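Each remark here refers to the structure printed beneath this line.
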Amino acid sequence: MNLRDLHYFVVLAEVMHFGEAAKRCHISQPTLSMQIKKLEDELGLLLFERNNKQVMLTEGGRAILGRVQRILTQVAEMKDVARQASDPFSGELHLGVIPTLAPYLLPHVMPAIQSAFPKLRVWLVEEKTHRLIEKLTSGQLDAALMATPVNEDFASQVLFDEPFYFASTNRTENKQKTEMQLSDLVNQQVMLLEEGHCLREQAIAVCKLAKAEGRADFTATSLETLRFMVETGMGVTLLPALAVYENKRGLQLRSFAKPAPTRTIALHWRPGTAKRDCLQAIAKIITSTANQLLKKDTVNLS
0 MNLRDLHYFV VLAEVMHFGE AAKRCHISQP TLSMQIKKLE DELGLLLFER
50 NNKQVMLTEG GRAILGRVQR ILTQVAEMKD VARQASDPFS GELHLGVIPT
100 LAPYLLPHVM PAIQSAFPKL RVWLVEEKTH RLIEKLTSGQ LDAALMATPV
150 NEDFASQVLF DEPFYFASTN RTENKQKTEM QLSDLVNQQV MLLEEGHCLR
200 EQAIAVCKLA KAEGRADFTA TSLETLRFMV ETGMGVTLLP ALAVYENKRG
250 LQLRSFAKPA PTRTIALHWR PGTAKRDCLQ AIAKIITSTA NQLLKKDTVN
300 LS
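0 is the number of the first residue of the sequence shown in numbering that gives the first Met the number 0; add one for each residue after it.
This is the structure we're talking about:
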């Protein structure tokens, strides 16, 4: 039994497809099948049910999957400890980011991170919050940028507060009104993201506070879809500030009077990680960059 075969097992358990797992492992499908069979023989346990249509974990496979993931995580962390002892800002870092933040923040922070730490190779993963939590817990990620609160036992560092803007068009809102009160949302039908996005829950919380309602006849898969729908005059929505940075599309944006609704973005990681110093340094870069972007004069309100 070796670590390579354990890795193959975890990848196959994740994708449940020999062809796709072989691609991810950079080996041929026959080689993967042979190594999984070898692992099963060594364990004396059938790990997968196989037929022409699907691959499924057996009860025994499910029973050991978590243990195998922990073993691989501990081995990776041991390597990190050794690497960090010589240079804490080298090697690989797997960073997760929620979709409502990634395209608006990463293009600004990644050049700064690469410039500050040229020996560090950052792998980026964009997923919804529940998937980032799963991958961070299992060791597939070293850290994740997520909105708070995250109800897991992670270490975290708050990075910045991001205000929400009310987005509309000339057809749906009075252009002369430059600042919104929460009471202005009463009886508004606010377009929201689909289930699974943490931003949806945050927007719903704002709507409830303002006695507004989310539209039941439409949900969007992304913030870009919401923006396009608003542009066509289909309705109004709430957008986080970084998503409307520079506002080149000409949406009518209204800030909220204080205390304005915001979301808090934090960097989360597993306690005890050897990459803590590196992550804290990266957190400072992200905070500095985000705060520059969030200065009031960088958001064009019309």
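Cβ coordinates follow ideal geometry from the N, Cα and C atoms, glycine included. Since this is a predicted model, take the numbers as computed values, not measurements.
Neighbourhood of residue i by C-beta, 6 Å cutoff - its chain only, sequence neighbours within 5 removed
{"i": "residue 96", "result": "125 and 144"}
{"i": "residue 305", "result": "Outside the shown range of the chain, which is 0 to 301, sits residue 305, and nothing can be said about it."}
{"i": "residue 142", "result": "94, 266, 268 and 278"}
{"i": "residue 116", "result": "88"}
{"i": "residue 276", "result": "87"}
{"i": "residue 255", "result": "179"}
{"i": "residue 13", "result": "none"}
Closest by C-alpha distance to residue i, when choosing among the options
{"i": "residue 35", "options": "118, 17 and 255", "result": "17"}
{"i": "residue 259", "options": "58, 250 and 240", "result": "240"}
{"i": "residue 284", "options": "135, 78 and 159", "result": "159"}
{"i": "residue 303", "options": "244, 250, 261 and 229", "result": "Only positions 0 to 301 of the chain appear in the structure, and residue 303 is not among them; the question remains open."}
{"i": "residue 290", "options": "13, 279 and 244", "result": "244"}
{"i": "residue 132", "options": "24, 154 and 183", "result": "154"}
{"i": "residue 53", "options": "37, 1, 15 and 227", "result": "15"}
{"i": "residue 58", "options": "66, 51 and 47", "result": "47"}
{"i": "residue 146", "options": "256, 191, 198 and 110", "result": "198"}
{"i": "residue 191", "options": "136, 229, 168 and 4", "result": "229"}
{"i": "residue 222", "options": "193, 40, 231 and 232", "result": "193"}
{"i": "residue 302", "options": "51, 64, 0 and 103", "result": "Since the first residue of the chain shown is 0 and the last is 301, residue 302 is not available in this structure."}
{"i": "residue 50", "options": "44, 32 and 40", "result": "32"}
{"i": "residue 43", "options": "237, 276, 63 and 130", "result": "63"}
{"i": "residue 162", "options": "257, 225, 5 and 19", "result": "257"}
{"i": "residue 56", "options": "41, 8, 4 and 150", "result": "8"}
{"i": "residue 25", "options": "3, 168, 232 and 204", "result": "3"}
{"i": "residue 106", "options": "242, 294 and 204", "result": "242"}
{"i": "residue 130", "options": "118, 149 and 114", "result": "149"}
{"i": "residue 238", "options": "0, 232, 202 and 196", "result": "202"}
{"i": "residue 196", "options": "220, 204 and 5", "result": "220"}
{"i": "residue 37", "options": "251, 224, 5 and 128", "result": "5"}
{"i": "residue 98", "options": "110, 114 and 128", "result": "128"}
{"i": "residue 40", "options": "77, 0, 236 and 110", "result": "0"}
For residue i: DSSP bridge partner residues
{"i": "residue 160", "result": "263"}
{"i": "residue 65", "result": "DSSP, once it has assigned bridges, lists no residue as partnering residue 65."}
{"i": "residue 167", "result": "251"}
{"i": "residue 226", "result": "Partner(s): none; residue 226 has no beta bridge."}
{"i": "residue 287", "result": "Answer by DSSP bridge pairing: none, since residue 287 is not bridged."}
{"i": "residue 148", "result": "Partner(s): none; residue 148 has no beta bridge."}
{"i": "residue 121", "result": "92"}
{"i": "residue 239", "result": "163"}
{"i": "residue 99", "result": "DSSP lists no partner for residue 99."}
{"i": "residue 218", "result": "191"}
{"i": "residue 55", "result": "48"}
Neighbourhood of residue i by C-beta distance below 7 Å, restricted to the same chain and skipping five residues each side
{"i": "residue 138", "result": "68, 71, 72 and 75"}
{"i": "residue 91", "result": "120 and 122"}
{"i": "residue 112", "result": "121, 281 and 284"}
{"i": "residue 108", "result": "284, 285 and 288"}
{"i": "residue 156", "result": "265, 266, 279 and 282"}
{"i": "residue 80", "result": "273"}
{"i": "residue 10", "result": "20, 23 and 24"}
{"i": "residue 78", "result": "none"}
{"i": "residue 27", "result": "21"}
Proximal residues to residue i (C-beta, below 8 Å), its chain only, five neighbours per side dropped
{"i": "residue 152", "result": "270"}
{"i": "residue 30", "result": "21"}
{"i": "residue 136", "result": "151 and 269"}
{"i": "residue 235", "result": "165, 166, 167, 171, 172, 187, 188, 189, 190 and 229"}
Residue-level contact to chain B via CB, residue i, 7 Å cutoff
{"i": "residue 37", "result": "In the displayed structure, chain B is absent; only one protein chain is listed."}
May I have a chain-ordered list of the alpha helix (DSSP H) segments no shorter than 4 residues that lie completely inside the region 5-53?
17-24 and 28-42
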